[in-house]
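The block underneath contains the structure these notes are about, expressed in structure tokens.
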Amino acid sequence: MPLIPQQPPSVDTIIAAHAALRAQGPLVQCLTNTVSVNFMANVLLAAGASPAMVDNPEEAAGFAAIAGAVLVNLGTPTDAQVRAMRLAVQAAHSLGRPWVLDPIGAGVLPWRGQVAAELLAQRPTVIRGNAAEIIGLAGLGNSQAKGFDSSSDPADAMPAAITLLKYATCVSASGAIDHVVGKVQNEHGEVSHHLLRIAGGSALLPRITASGCSLGALVAAYAAATGDGFCAAAAAHVHVALAAEYAEPQAQGPGSFLPAFLDGLDRVDASLIRAKAQVESVRL
Amino acid sequence: MPLIPQQPPSVDTIIAAHAALRAQGPLVQCLTNTVSVNFMANVLLAAGASPAMVDNPEEAAGFAAIAGAVLVNLGTPTDAQVRAMRLAVQAAHSLGRPWVLDPIGAGVLPWRGQVAAELLAQRPTVIRGNAAEIIGLAGLGNSQAKGFDSSSDPADAMPAAITLLKYATCVSASGAIDHVVGKVQNEHGEVSHHLLRIAGGSALLPRITASGCSLGALVAAYAAATGDGFCAAAAAHVHVALAAEYAEPQAQGPGSFLPAFLDGLDRVDASLIRAKAQVESVRL
Amino acid sequence: MPLIPQQPPSVDTIIAAHAALRAQGPLVQCLTNTVSVNFMANVLLAAGASPAMVDNPEEAAGFAAIAGAVLVNLGTPTDAQVRAMRLAVQAAHSLGRPWVLDPIGAGVLPWRGQVAAELLAQRPTVIRGNAAEIIGLAGLGNSQAKGFDSSSDPADAMPAAITLLKYATCVSASGAIDHVVGKVQNEHGEVSHHLLRIAGGSALLPRITASGCSLGALVAAYAAATGDGFCAAAAAHVHVALAAEYAEPQAQGPGSFLPAFLDGLDRVDASLIRAKAQVESVRL
């Protein structure tokens, strides 16, 4: 059973999650698309986690037993990689290991849409996507997605995100203001839904490829470090937003933003989170 | 039927093509090699297009119907990716969607050479390669290619390039001075061949991997935006040359050239094209 | 038969190896993991070699006959890539072409461990890994590897490395101080084992992904240029260490270290090697 926290994440719990990430350096197994794989590994290393991209069917389940968390990203699936995803996710589910689903293109392309639907049955800890992908995954209608970079307003994805909470403990939709919805359970066992609006970041983030994919991997790293999917998603979004804010004034464009963003992931610390995190919490 | 322009591309049509690219942000489906895939996506994003690397046989044809253009690059083909290439290219051809062939290694390695020959039957809008690759693809003799980085003088590839115009509306051979040949049709329906020599760029461009591959993707992006393969190739070559010229004085070597080149792709605009493009046009 | 040198590598032979690399620009065939493939190609280009990532079963053996050396890296093997590895390595072995094995994860994951054991029978010229991987490959017990980034002390891997000299002419274990062991044969045909301890480098090197993988490819490039595996490993380790030392003072973190490290690989020259290489040689 995934952990459902008693409180929604706050700046304090995000700072504690960051300290746990740095102390543990969790190992994250990424089954991801070919575009993101190098950058994602560098993002995890810069943030303080340890990446391993074991994504063949021969090894995926065995490695899920070693890893602290598993990320499944549907960006460029192959037949063999999809078999590996099923095996890794079954292993993670049966071992109680957190795993994160990034359903790129699932609402646009039927083959991977079917794969995503299957994987949902294994109860991802967190589902992360852009607004169009969250809408597409929930099957709530046309997402007007243009390719994979589309950004519908995350606020428009909230009904879809809440629907997906029947599978996951937390669902996040990235955009100008990231929207993260998750479950909270009080001492009487009553479950409520909370929304975090996380502001900040940089307009250059969507100008570099795999920034969203790498955010998904960082959610998995935080989930490994904390066991709490809602807090993990919040902490990863804040971490990425602050790193982007560090990078933007140093960048001359999207190219020079790339190394500065990795530097920023390395630099984020408790005092920066305390000073700069923009997190608004709403009970739904 | 692919569009054959009435005039060869000029600086004015290249500026108009750039404006169209920026206005439309065309979606480009890339079936490309593993070395290039991340950099190519960043090149497309920096230039103003939208990348999607859908390259499995289950989805390639379906996505070609969504994309504005398709790029096929033979750098690291697998059996499954080749099946996806065939399907994507058939879909593009039957839908009248532009597509670009980058025949890396086709003259050196028989298996992919056979694949390239098959794909030619689906009439690429543009064929882009270095001089050795264009010579190899045309089967005009030994290309003296050393691996995939060889640069025979593009001028030596002109007979091969002209031979390949029976398949494509435009063929480009990259090198110190890029050579782009294409068809022009006058008001009486008479077709003539024109050569553009595009100078500029930087000696650091061939020192970074996938710069040529990414140029191929940018040709596809411009073809999606303009519908005119000859103009697309010219505009993409000019765009890359100017971005490289922006980057070179900022670089300490090939490593720092990489982010600066992406910044340059973002910065190229009408006034820079007007001031700096070096395009010489010759009727053959 | 692989060349066994009469003397262990010295700074003079490393300088000569570097001159040979720059003069020849050897073509290196890399069958490597998806995380490393782009960075590895840029590392080879920056250092002065020419990369080609031909890793499908249809072409791998044929290309090994063209390449100057072959690198096999087990980071993200697929069934098809493993078939290509077997074919490339058989071709390299039968042609007397140098090849390098990087056994990532071979001690942790049984499937690739079996593949690594098979490949050893084809006598790699050099085996390169971190300490945990060398220990894992030799089967000398548990390596306490955490994922693929672990760094046991290379000194602890020396018994394992010496065991592996029955397969290879040289074995290197990377770490804070790299340990490179190799065979030397005197004029009477007597073989002895020598250890080089190579110091320097930067604490930022393990903070970027694929730095070790790329070092393996550079070993292959030097082996192509010199024919001497022991010297190749020593030269590649020194080249990487000096490039990292060039990069570190220019970097604000792991992100900005990346381009600066590539610049450093380009800048290393005879005078820098003479002034800065830290190589200690010990007869075992």
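Protein chains in written order, with this note's numbering: chain A, 1 to 284; chain B, 1001 to 1284; chain C, 2001 to 2284. Every residue, glycine too, gets a C-beta built ideally from N, C-alpha and C. This structure is a prediction, so every number in the text was calculated from the model and none was measured.
| Using the beta-carbon count (16 or more within 10 Å), is residue 284/A buried or exposed? | exposed
| task | Determine, using beta carbons only, whether residue 1259/B comes closer than 8 Å to chain A. | result | Yes, contact with chain A.
| query | Secondary structure at residue 2284/C, three-state DSSP: helix, strand or coil? | reply | coil
| From which residue to which residue does the alpha helix (DSSP H) around residue 14/A run? | 11-24
| task | Return no unless some Cβ of chain B is closer than 8 Å to the Cβ of residue 2271/C. | result | no
| Proximal residues to residue 2024/C (C-beta, below 6 Å), its chain only, five neighbours per side dropped | 2225
| query | With distances taken between CB atoms, is the gap from residue 84/A to residue 119/A smaller than 8 Å? | reply | no
| query | Thinking C-alpha only, which one of 3/A, 262/A, 273/A, 261/A is nearest residue 124/A? | reply | 3/A
| said: Looking at the ligand NAP, does it come within less than 7 Å of residue 2213/C, judged from the CB to the closest heavy atom? | reply: In the structure shown, the ligand NAP is absent, as is every other ligand, since no ligand is present at all.
| Exposed unless 16 or more other CB atoms sit within 10 angstroms - verdict on residue 174/A | buried
| With 16 other CB atoms within 10 Å as the buried threshold, where does residue 2112/C fall? | buried
| In the structure shown, what three-state DSSP assignment does residue 256/A receive? | helix
| query | Which value, in whole angstroms, describes the spacing of the CA atoms of residue 2011/C and residue 168/A? | reply | 58 Å
| query | Would you say residue 210/A faces chain B, with C-beta separation under 8 Å as the test? | reply | Nearest CB-CB separation between residue 210/A and chain B: below the 8 Å threshold.
| Given residue 77/A, which residues of its chain have a CB within under 7 Å of its CB, disregarding the five upstream and five downstream residues? | 112, 115
| query | Can you name the residues of chain B whose CB is closer than 7 Å to the CB of residue 2037/C? | reply | 1034, 1035
| Does residue 2073/C come within less than 8 Å of chain B when only Cβ atoms are used? | no
| What is the DSSP secondary structure of residue 102/A, counted as helix, strand or coil? | strand
| query | Around the Cβ of residue 130/A, are there at least 16 other Cβ atoms within 10 angstroms (buried) or fewer (exposed)? | reply | buried
| field | For residue 1257/B, the nearest candidate out of 1208/B, 1136/B, 1242/B (CA to CA) | value | Closest by alpha carbon: 1208/B.
| message | I'd like to know whether the C-beta of residue 1149/B is nearer than 8 Å to at least one C-beta of chain C. | response | Note that residue 1149/B has pLDDT 49, beneath the 50 cutoff, so the model's placement of it is unreliable and the number below is only indicative. So yes, residue 1149/B belongs to the interface.
| field | Endpoints, the alpha helix (DSSP H) within which residue 1041/B is located | value | 1037-1047
| field | Cross-strand partners of residue 127/A (DSSP beta bridge) | value | 101/A, 171/A
| query | In this structure, does DSSP put residue 2185/C in helix, strand or coil? | reply | strand
| Interface flag, residue 2205/C vs chain B, CB-CB below 8 Å | Chain B has no Cβ within less than 8 Å of the Cβ of residue 2205/C.
| said: Tell me which residues of the segment 1099-1112 of chain B have at least one Cβ-Cβ distance to chain C shorter than 8 Å, keeping chain order. | reply: 1105, 1108, 1109, 1110, 1111, 1112
| Are the segment 2188-2203 of chain C and the segment 2042-2049 of chain C in contact at 8 Å, needing three or more beta carbon pairs? | no
| request: Identify whether residue 2266/C lies in helix, strand or coil by the three-state DSSP scheme. | output: helix
| request: With DSSP as the reference, please indicate the residues paired to residue 2056/C in a beta bridge. | output: In the DSSP output, where bridge partners are listed per residue, residue 2056/C has none listed.
| query | Can a CB atom of chain F be found closer than 8 Å to the CB of residue 1051/B? | reply | You won't find chain F in this structure, because its protein chains are A, B and C.
| message | Rounded to the nearest angstrom, what separates residue 1016/B and residue 1071/B at their Cα positions? | response | Going from the Cα of residue 1016/B to the Cα of residue 1071/B covers about 22 Å.
| said: Which residue marks the beginning of the beta strand (DSSP E) containing residue 199/A, and which one marks its end? | reply: 191-199
| Contact check, residue 2121/C vs residue 2029/C under 8 Å by CB: the rounded distance? | Contact between residue 2121/C and residue 2029/C fails: their C-beta atoms lie close to 20 Å from each other, not under 8 Å.
| query | At a Cβ threshold of 8 Å, is residue 2022/C touching chain B? | reply | Not closer than 8 Å to any Cβ of chain B, the Cβ of residue 2022/C fails to qualify, so no.
| said: Rounded to the nearest angstrom, what separates residue 214/A and residue 40/A at their Cα positions? | reply: Inter-residue distance for residue 214/A and residue 40/A is about 5 Å (C-alpha atoms, whole angstroms).
| said: Only counting the same chain, and skipping five residues up and downstream in sequence, which positions put a Cβ closer than 6 Å to that of residue 26/A? | reply: 49, 68, 221, 224, 225
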